[in-house]
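J.: Under my numbering, the first residue of the sequence shown is numbered 5, with each subsequent residue one higher.
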Amino acid sequence: MIDPADLQNRFDFHPATDEEKRNAHTSVRVAAYELAQFVNVKVPDGREKATAITKIEEAMFWANAALARSNG
Numbered sequence: 005m006i007d008p009a010d011l012q013n014r015f016d017f018h019p020a021t022d023e024e025k026r027n028a029h030t031s032v033r034v035a036a037y038e039l040a041q042f043v044n045v046k047v048p049d050g051r052e053k054a055t056a057i058t059k060i061e062e063a064m065f066w067a068n069a070a071l072a073r074s075n076g
């Protein structure tokens, strides 16, 4: 069973509490967007390209979730 406190942390809202954290979130989004642009230009259209871009979105989400959920 997942610890209830861990489960609550996963589903709570975690606003960026300071400028440093907001900048970190922005940096992750910018880097992910730049990679997605690169893939969009360099990779032929198709299922694989669409999946690659989806995975970049997922990586961005999880990276930002890690930033948001951390206490540091």
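Backbone N, C-alpha and C define an ideal beta-carbon position, used for all residues, glycine too.
#1: Spatial neighbours of residue 36 within its chain, please: CB distance less than 8 Å, with the 5 preceding and 5 following residues excluded, ordered by chain position.
#2: Check this for me: beta carbons of residue 53 and residue 43, under 8 Å apart or not?
#3: Return yes when the Cβ of residue 29 is within less than 8 Å of the Cβ of residue 73, no when it is not.
#4: Would you mind giving the Cβ-Cβ distance between residue 57 and residue 40, rounded to the nearest angstrom? I have them listed as a contact below 8 Å.
#5: Residue 13 by DSSP, collapsed to three states: which one?
T.: With the structure as the only source:
#1: 60, 61, 63, 64 and 67
#2: yes
#3: no
#4: 5 Å
#5: helix
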